[in-house]
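Numbering of the sequence shown is given in the working numbering, commencing with residue 1 and proceeding in unit increments.
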Amino acid sequence: MDLERLQYRGFKPRQEVTDQAEKVSQKLLDESPVAGSARVVISDEGEQFHVSVVGATFDKKLFSSESAFRKQHIRGWPREWQLGALAQVLGDFVRQLRNHFRDDDKKPEV
Numbered sequence: 001m002d003l004e005r006l007q008y009r010g011f012k013p014r015q016e017v018t019d020q021a022e023k024v025s026q027k028l029l030d031e032s033p034v035a036g037s038a039r040v041v042i043s044d045e046g047e048q049f050h051v052s053v054v055g056a057t058f059d060k061k062l063f064s065s066e067s068a069f070r071k072q073h074i075r076g077w078p079r080e081w082q083l084g085a086l087a088q089v090l091g092d093f094v095r096q097l098r099n100h101f102r103d104d105d106k107k108p109e110v
């Protein structure tokens, strides 16, 4: 399964997709290991946004992280506000990603 199909498939069942994502991500990094790069995938699961990140550190080790952002407290907000709230969460996520990189002069491609 390629990464694009995985992105739009929805994340169910969760463990199966997580396992597939790890395999696909490792294949991506093996084929073109770009140190310091990261791929962010955001999916709208109805009740929550799911954010997952996979990338390579500068020593070319795979890392991944994921988080779910529940929409309960933003229910009824206009879509733009919901996306703004998600962008704020994503900003926090990017700061966490930067902690995976040892060289502060080089920033991850997000």
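Even for Gly, the Cβ is constructed at its ideal location relative to N, Cα and C.
No residue range can be given for D59, since it is assigned to no beta strand (DSSP E) and is classified by DSSP as neither H nor E.
DSSP places R39 in the uninterrupted beta strand (DSSP E) bounded by A38 to D44. At least 8 Å separates the beta-carbon of S67 from that of V54.
The residue from F49, Q48 and S65 with its alpha-carbon nearest to that of A56 is S65. DSSP, read as helix, strand or coil, puts E66 in strand.
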